[in-house]
Every structure is written in structure tokens, then in C-alpha cells.
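Okay, so the sequence shown: first residue is 1 according to UniProt numbering, each after it adds one.
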Amino acid sequence: MKQRNRKYTNEELRNIRRKVMTLATYFIKSSKYNRSKAVKVAWRMIKQVFYTKVTGVSFGKRQTALNHLQNYDPRRINITLQHEPTNPYDQNAIAVIVTVIGKGSYQIGYIKKDFAEVYALLLKKNLHIQATFEGITGGKQGTHYGLNIGYVIDYAASRPVTVFPHTKRVSLGHEAHSSLSV
């Protein structure tokens, strides 16, 4: 993940502040917080790395895909988060796409609904999120597999981040994805 303890240019600092205020304004308009609390929460979100379980991994062939995914070196696995505004169940849905470098991609599930609303707003404002593969859980003695990911708001990015195979970093974007054979 991005190093947080570094010096920033004035331009980068303006960009960070702008993104914090975008989040704070959302919180104020949604009546979640007063202005003071909204700014504090937004600053915390900008600085924090989030870890979560992917939801919806037990539907379709996703369990088979997770089983196959265990066979790959984690350095070859990239995670992309993709907003699905036309999702029939949730217009703020954020799909989790797993890509094995050189093999293909597969939609493995979704970000939890509680977080998706905020991150959908970030996408609409052209802010970026970097996600990482953190590991596969379960699968033993008949239990379902799960997928853990980490993600952080890339507050310094003004455009999508380049993906390098050895870093597991990807940007939140609207890239098309192909099928990973399951």
C-alpha cells in the first residue's frame, strides 16, 4: 500500500483536502453527521486502510473460483473494484473482480452494502481506491470459502494507478473484465 509518511507537494495537499471535503459534504447532506464530525470522519477515512470480507461469494460458481484461486501465487492476483450503478438490487453496488495475471478475471462478489454507498460516491467524483488481495479463508471440512481484501482511498491519485504484477495494487475503475475459467 501507499506510504503515508512522506512529504506532499502543495498541489497534492490541495487534492487531498478537496477529496476530504467531498466526503464530508456527502456525510452532511445525508444527515449522518454535523459539519465538524463529518470532516473528522472524512479525514479518518482518507488516512485509513480498510480490511473486509467480500460478500456474495457463495453464489453461482464463485466457490469453485475461490477453490481454483488458492492454486495461484498471491503476487499474481489483482483485485479491482467496479461500481455497478445498474445493479437491480443496489445502485451503489461495488463488484469485486479477481484477476489472475495471464489467466483472466472473474467477478467474485461485492463490497458490503454499508461501505458501497460511500465508495460509489467516490467513484462518481472520480476518486480512486486501491485494493489488495489479503487471502482466502475457509474451505475446510465442508465450509464455504471466503475472500478477504484490503482497500484504501488513493487520495493522491489524479488518474488511475498503473498496475504492476508484483505489487497487487489496482485502481477502482470501470475496466471491462473477461472470464476466469472455473
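Built from N, CA and C at the ideal position, the CB exists for glycine as well.
Model, not experiment: these values are computed from the prediction.
| field | Local conformation of lysine 29 per DSSP, three classes | value | Translated into the one-based positions of the sequence shown, residue 29 becomes position 29. It is helical.
| said: Measuring only the C-alpha atoms, how far is tyrosine 72 from glycine 135? | reply: Along the sequence shown, one-based indexing puts residue 72 at 72. Along the sequence shown, one-based indexing puts residue 135 at 135. For tyrosine 72 and glycine 135, the distance between alpha carbons rounds to 11 angstroms.
| request: Assign phenylalanine 59 to buried or exposed, taking buried as 16 or more other Cβ atoms, counted over all protein chains shown, within 10 Å of its Cβ. | output: Within the sequence shown, numbered from 1, the residue matching residue 59 stands at position 59. Burial call: exposed.
| task | Assign residue 191 to one of three DSSP states: helix, strand, or coil. | result | This structure gives no information on residue 191, because the portion of the chain shown stretches from 1 to 182.
| task | May I ask you to check if the CB of tryptophan 43 is nearer than 6 angstroms to at least one heavy atom of the ligand NAD? | result | What this structure holds is no ligand at all, so the ligand NAD is not there to describe.
| request: Please work out which residues of its chain come closer than 6 angstroms, Cβ to Cβ, to valine 20, disregarding the five sequence neighbours upstream and downstream, and give them in chain order. | output: The residue given as residue 20 occupies position 20 in the sequence shown. Same-chain partners within the cutoff: Ala42, Trp43, Ile46.
| field | Alpha-carbon spacing of glutamine 107 relative to leucine 13, whole angstroms | value | Position 107 of the sequence shown holds residue 107. Position 13 of the sequence shown holds residue 13. Glutamine 107 and leucine 13: Cα-Cα distance of roughly 35 angstroms.
| task | Compare the Cα-Cα distances from threonine 64 to each of Ile101, Tyr151, Ile153, Gly138 and report the closest residue. | result | One-based indexing of the sequence shown puts residue 64 at position 64. Here the closest residue by C-alpha is Gly138.
| Between residue 187 and tyrosine 51, is the Cβ-Cβ spacing less than 7 angstroms? | No answer is possible for residue 187: the residues shown for the chain start at 1 and end at 182.
| query | In whole angstroms, what separates the C-alpha of threonine 25 from that of asparagine 34? | reply | Taking the sequence shown and counting its residues from 1, the one referred to as residue 25 is at position 25. Taking the sequence shown and counting its residues from 1, the one referred to as residue 34 is at position 34. Roughly 10 angstroms separates the two Cα atoms.
| field | Where the alpha helix (DSSP H) containing threonine 132 begins and where it ends | value | Translated into positions along the sequence shown, residue 132 becomes position 132. Element bounds for threonine 132: not the alpha helix (DSSP H) but the beta strand (DSSP E), 129-138.
| task | Could you check if valine 49 is buried or exposed, using at least 16 other CB atoms within 10 Å of its CB as the buried criterion? | result | Locating residue 49 in the sequence shown gives position 49, counting from the first residue. Valine 49 comes out exposed.
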